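Numbering-wise, my numbering puts 641 at position 653 of the first sequence, and it's gapless, one number per residue.
Think of the CB as a built atom: it goes at the ideal place given N, C-alpha and C, for glycine as much as any other residue.
These numbers were taken from a predicted model, which means no experiment stands behind them.
Okay, so here's the structure we're looking at.
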Amino acid sequence: MNSDYDHASLEAKWQARWAETGLDQVDLARAKRPYYNLMMFPYPSAEGLHVGNMFAFSGADAHGRFERMNGSDVFEPIGFDAFGIHSENFALKVGRHPSQLIASNVKHFRAQLKRLGAQFDWSKTVDTTDPAYYKWTQWLFLTLWKGGFAYRARRNVKWCPQDLTVLADEQVLADGTCERCGALVTERELEQWFLRITAFTERLLQNLDTLNWSESTKLLQRHWIGRSQGALIDFPVEGEAPLRVFSTRPDTIFGATFMVLAPDHPRTLELASSSSREAVAEFVEEAARRRIAGLRADEGSTAGVALGRDALHPLTQRRVPIFTADYVLSGYGTGAIMAVPAHDQRDHAFALAHQLPVVEVVSGRQGGGAHGGAGVLVNSEQFEGLQAPDPAREVITAALVEAGYGQAHVTYKLRDWGISRQRYWGPPIPAVHCPTCGAVPVPEEDLPVLLPYIEDFRPLGTGESPLARDPEFLRTTCPRCGGEARRDTDVSDTFLDSSWYYLRYPSADRDDVPFDRELTRKWLPVTYYDGGNEHAVLHLLYSRFVTMALQQLGYLDFEEPFLQFRAHGMIVMDGAKMSKSRGNIVVPDEYITRYGADAFRLYLLYLGPYHDTLNFIDTGINGPFRFLTQVLRLLERLEGTDEAHPEPIALARARHRCIRQVTRDTPERKYNTAIAAMMIFVKRLRDHDGPIPEAALETLALLLAPYCPHLAEEIWERLGRPYSVHQQPWPSADEALVAEEQVVVVVCINGKKRDQLEVAAGTDAGTIERQALALPRIQQWLGGRNPERVFVVPDRQVNLVLAS
RNA sequence: GCCAGCAUGGCGGAAUGGCAGACGCGACGGUCUCAAAAACCGUUGAGCGCAAGCUCGUGUGGGUUCAACUCCCACUGCUGGCACCA
-11 MNSDYDHASL EAKWQARWAE TGLDQVDLAR AKRPYYNLMM FPYPSAEGLH VGNMFAFSGA
49 DAHGRFERMN GSDVFEPIGF DAFGIHSENF ALKVGRHPSQ LIASNVKHFR AQLKRLGAQF
109 DWSKTVDTTD PAYYKWTQWL FLTLWKGGFA YRARRNVKWC PQDLTVLADE QVLADGTCER
169 CGALVTEREL EQWFLRITAF TERLLQNLDT LNWSESTKLL QRHWIGRSQG ALIDFPVEGE
229 APLRVFSTRP DTIFGATFMV LAPDHPRTLE LASSSSREAV AEFVEEAARR RIAGLRADEG
289 STAGVALGRD ALHPLTQRRV PIFTADYVLS GYGTGAIMAV PAHDQRDHAF ALAHQLPVVE
349 VVSGRQGGGA HGGAGVLVNS EQFEGLQAPD PAREVITAAL VEAGYGQAHV TYKLRDWGIS
409 RQRYWGPPIP AVHCPTCGAV PVPEEDLPVL LPYIEDFRPL GTGESPLARD PEFLRTTCPR
469 CGGEARRDTD VSDTFLDSSW YYLRYPSADR DDVPFDRELT RKWLPVTYYD GGNEHAVLHL
529 LYSRFVTMAL QQLGYLDFEE PFLQFRAHGM IVMDGAKMSK SRGNIVVPDE YITRYGADAF
589 RLYLLYLGPY HDTLNFIDTG INGPFRFLTQ VLRLLERLEG TDEAHPEPIA LARARHRCIR
649 QVTRDTPERK YNTAIAAMMI FVKRLRDHDG PIPEAALETL ALLLAPYCPH LAEEIWERLG
709 RPYSVHQQPW PSADEALVAE EQVVVVVCIN GKKRDQLEVA AGTDAGTIER QALALPRIQQ
769 WLGGRNPERV FVVPDRQVNL VLAS
């Protein structure tokens, strides 16, 4: 690399100077215009920061620096999301203890992040594995618990019968086997902690409309929450309690020819007739085995058996046979359905396989999905001819309500958040189990409940967390009655750590409170949140829930944590996600060593639109690197600007055009076109015959500052300007200079370009038309004919339309 | 299966309905050099033509418009998410 651009020492020099002068530390208490520029904190993997992290942080930092130069007091913190199963599994794999492994990973991450030259406020960093942090994660749990947002319930976990261990979902392969030993995974029921996110279901959904988030992200959340409006309908059963179903299409009820219960519906066995009981019991057992093995019955499976009992159709009083089948799930709706085979694919397949009648009740175009199809009702007695689904839906629901067989109802897919993990690498859940008092919260003054060092941190064969191995940890006294008691040995989900870290940053140096009231009021909600869309659902939803709960409990005075969220794109290589197994991981450090952080940042942001999936190309960095070298070289041709040496007007125009473009594109995160605009300006300067006016380089330093913070600072210094370029106001474009003087107007005949003419900008349509018609080449094309119509787009185009 | 997004040169990408391919990479040719690297200059969508220039061209097929990469309809392919959700 033969170049006069010594990026290594230049970047080291400025990073040291920024640290010395505390340039990126914000006086949170005194700041006048708070701007909380948050980016998702990384999980410190052993591989170090990857190109995707660098890309995200470069873009988010450019955003923060731009806001700063536009007058905001930008708080830009960074931290480490270092607890969790990923870290633990990796530690298991390499045979090291996570506490050492993660500490060294964090150290590595810090060094890498510092080399990037982002304006992180390192005085306010968080590490979720630090007891000073997880003390407050535990506080959060206790607060939610006391506020009625946490409860215990039994629930299945994935269990490997060979390794005798609880598995995380991602450790179960697609075929239902354990990723480590290949054994068929089963389930085990354990008592666990849940957070009542469903207390806010409707608010989580409604508030989305008010948030300034990427639409794609909102949509993912809406789908996840999964609101379905419909009706609960009771089908009477002779001699038994009625069978309740949920349907989004009560208007198709006249097509309901049978009913289906989930195999694990509580009444499946109860309703089976004596002659069918054996077959039903066998089916239920088989279905349970399939489910426990993690093997979902094949999609479209028509497996199922009749219960040997009928229900009565609530509106026709016809008998409808009851079945149990795999395709009905106990976890949704009521776990039972009315089957409408004419209008539901799954019901149709089942009816075919079991020779059941199919009654069409909606005429018209048939759709594929649940009770699909819109049209008018047929075969529906007094409702014949009604438009379906609406308003038939309302009318029939009303009729069912009237007859005492139904009620309008809304269901959601959202489930409460299970946070217990029977693992080691997380914050212990601060609860004590007392034989007399039950589950008792650990008193706040006893926090943190420290995660003990346990040499053998492998999951235990009993279904308990490895913490159960430590008798000193396990045995305790009940905070309520003082009797002997056991600690909860589970740790909490990593998503709990990250559900509140943005509240912690401003108060990261406080050990008396989780978050200071005044600072929180001043700095939150987060002004701008940048992150990957892979967290669109879980992390963002959990954070919203925690904020709502804390608001309801009086700890916060807002209910949405992130007013603005933008998802950035992803860096791929040869069209595939970078991964170790694919062998296409690009190590950013090598690029930074070779080309410098500035060139690397510039290159990543120049790849394409920030929100897109972008392709990393090995040689691509040459362009941005050359560009920076050229910028630096312009300094050698510098000439002071004064009355004797005014800035040539053509250069002033180019400069202001560049300012305009970069100023427009940067806040819209069109970093690639902003950089292209600067390249055009530099090209113009290089082509300029004569000395380079100081104004040109001054502007370049300012415009480059968000993108290449080190080089911008260097240029600024060499121009003799006072430190620091990052504290300067953003330049503004002079609209008078930006406007073109002469414009080229393209002359078309029937939409095809035939000639062009140059006119003063703003020339009126009539003049342009006259001049266009006078062009010799146009005359030739016209051959004496007169255009039938003429369209003039001032400053751009003339289209002469000839009759065909 | 459902939902969303995308489709433009060898490659990454640019284009308020108004000159498609800005900017960059790569490639090719040249300058400098004993040579190479670096740097600099030029060419670079396809076809035809000595040339001026002409024709074609933004996944496919239709449509709207004086004018379509851009808007509408129908397809195809890719990426991501959800997925037996009644």
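Using the Cα positions of residue 205 and residue 678, report the straight-line distance between them to the nearest angstrom. The straight-line gap from Cα to Cα measures roughly 52 Å.
If distances are taken between C-alpha atoms only, which option among 737, 733 and 742 comes closest to residue 748? The option with the nearest alpha carbon to residue 748 is 733.
Taking DSSP as the reference, what is the three-state secondary structure of residue 788? DSSP places residue 788 in strand when its eight states are reduced to three.
Sorted by chain position, which residues of the same chain lie with C-beta nearer than 6 Å to residue 633's C-beta, five sequence neighbours on each side aside? Cβ-Cβ distances below 6 Å link residue 633 to 627 in the same chain, with the five nearest sequence neighbours on each side left out; the list follows chain order.
Beta-carbon contacts of residue 297 that lie in its chain and below 6 Å, excluding the five residues immediately before and after: Within the same chain, and ignoring the five residues on either side of residue 297 in sequence, the residues whose Cβ sits closer than 6 Å to its Cβ are 259, 261 and 310.
Quick one, are the C-beta atoms of residue 725 and residue 640 less than 7 Å apart? A contact, by the Cβ cut-off of 7 Å.
Does DSSP put residue 3 in a helix, a strand or coil? Three-state result, residue 3: helix.
So residue 879 is in the alpha helix (DSSP H); what residue range does that whole segment cover? Given that the chain is displayed from residue -11 to residue 792, the structure contains no residue 879 and the question cannot be resolved.
Out of curiosity, what's the CA-to-CA distance linking residue 96 and residue 600? Our two residues, residue 96 and residue 600, have alpha carbons roughly 28 Å apart in a direct line.
Would residue 301 be called buried (16 or more neighbouring beta carbons within 10 Å of its own) or exposed? By the C-beta density criterion, residue 301 is buried, having at least 16 other C-beta atoms within 10 angstroms.
Beta-carbon proximity check, residue 400 vs residue 189, cutoff 7 Å: Less than 7 Å divides the Cβ of residue 400 from the Cβ of residue 189.
Enumerate in chain order the residues of its own chain whose CB-to-CB distance from residue 446 is below 7 Å, with the five nearest sequence positions on each side excluded. 80 and 454, listed in sequence order.
Does the region 647 to 667 come into contact with the region 10 to 27, if we say contact requires no fewer than three beta-carbon pairs (one atom in each stretch) closer than 8 Å? The region 647 to 667, when compared against the region 10 to 27, does not touch it at the 8 Å Cβ threshold.
When the Cα of residue 596 is compared with those of 642, 543, 662 and 768, which residue comes out closest? When 642, 543, 662 and 768 are compared, the shortest CA-CA separation from residue 596 is found for 662.
Once DSSP output is grouped into helix, strand and coil, what is the label at residue 744? Here residue 744 sits in strand by DSSP.
Whole-Å CB distance - residue 37 paired with residue 100, under 8 Å assumed: Indeed, because the Cβ distance is near 5 Å, the residues count as touching under 8 Å.
By Cβ distance below 6 Å, which residues in the same chain neighbour residue 16 in space, the five residues on each side in sequence not counted? For residue 16, where only same-chain residues beyond five positions count, the Cβ hits under 6 Å are 494 and 507.
Could you tell me which residues DSSP puts in a beta bridge with residue 660? According to DSSP, residue 660 bridges with nothing at all.
Is it the case that the Cβ atoms of residue 3 and residue 111 are separated by a distance below 7 Å? In this structure, residue 3 sits away from residue 111, with a CB-CB distance that is not shorter than 7 Å.
Bridge partners for residue 405 per DSSP, in chain order? BP columns for residue 405 point to 183.
Using only the alpha-carbon positions, how far apart do residue 5 and residue 56 sit? The alpha-carbon atoms of residue 5 and residue 56 are separated by roughly 18 Å.
Could you tell me the alpha carbon to alpha carbon distance between residue 243 and residue 29, rounded to whole angstroms? Looking at the two C-alpha atoms, the distance is approximately 53 Å.
Distance between beta carbons of residue 697 and residue 105, contact taken as under 8 Å: Confirmed, about 5 Å.
Can you find at least 3 beta carbon pairs, one from the region 554 to 562 and one from the region 42 to 51, that sit closer than 8 Å? With the cut-off at 8 Å, the region 554 to 562 and the region 42 to 51 touch.
Is residue 490 closer than 7 Å to residue 514 when the C-beta atoms are compared? Cβ atoms of residue 514 and residue 490: closer than 7 Å.
Have a look at residue 716 and residue 701 and give me their C-alpha separation to the nearest angstrom. Taken atom to atom, the span from the alpha-carbon of residue 716 to that of residue 701 is near 11 Å.
Which complete beta strand (DSSP E) runs does the region 315 to 357 hold, if anything under 3 residues is left out? Entirely contained in the region 315 to 357, the beta strand (DSSP E) runs reaching 3 residues are, in chain order, 324 to 327.
For the alpha helix (DSSP H) that residue 39 lies in, which residues bound it at each end? Per DSSP, the unbroken alpha helix (DSSP H) holding residue 39 starts and ends at 39 to 57.
What are the boundary residues of the beta strand (DSSP E) that residue 472 is part of? Residue range 472 to 475 is occupied by the beta strand (DSSP E) that includes residue 472.
Hey, residue 323 and residue 253: beta-carbon distance below 7 Å or not? Annotated as proximal: residue 323 and residue 253, with beta-carbon spacing under 7 Å.
Let's see if you can read the secondary structure: which residues bound the alpha helix (DSSP H) around residue 422? No alpha helix (DSSP H) holds residue 422; the beta strand (DSSP E) holding it covers 419 to 422.
Under three-state DSSP, which class holds residue 146? Secondary structure at residue 146: strand, using DSSP grouped into helix, strand and coil.
Taking residue 219 as the reference, give the member of 211, 233, 227 and 225 with the closest Cα. Looking at 211, 233, 227 and 225, the one whose alpha-carbon comes closest to that of residue 219 is 233.
Using the rule of at least 16 other Cβ atoms within 10 Å of the residue's Cβ for burial, across every protein chain shown, is residue 787 buried or exposed? Buried.
For residue 354, count the other beta carbons within 10 Å of its own beta carbon; 16 or more makes it buried, fewer makes it exposed. Which is it? For residue 354, the pLDDT reaches just 49, beneath the cut-off of 50, and the residue's location in the model is therefore unreliable, although a value from the coordinates is still provided. So residue 354 ends up on the exposed side.
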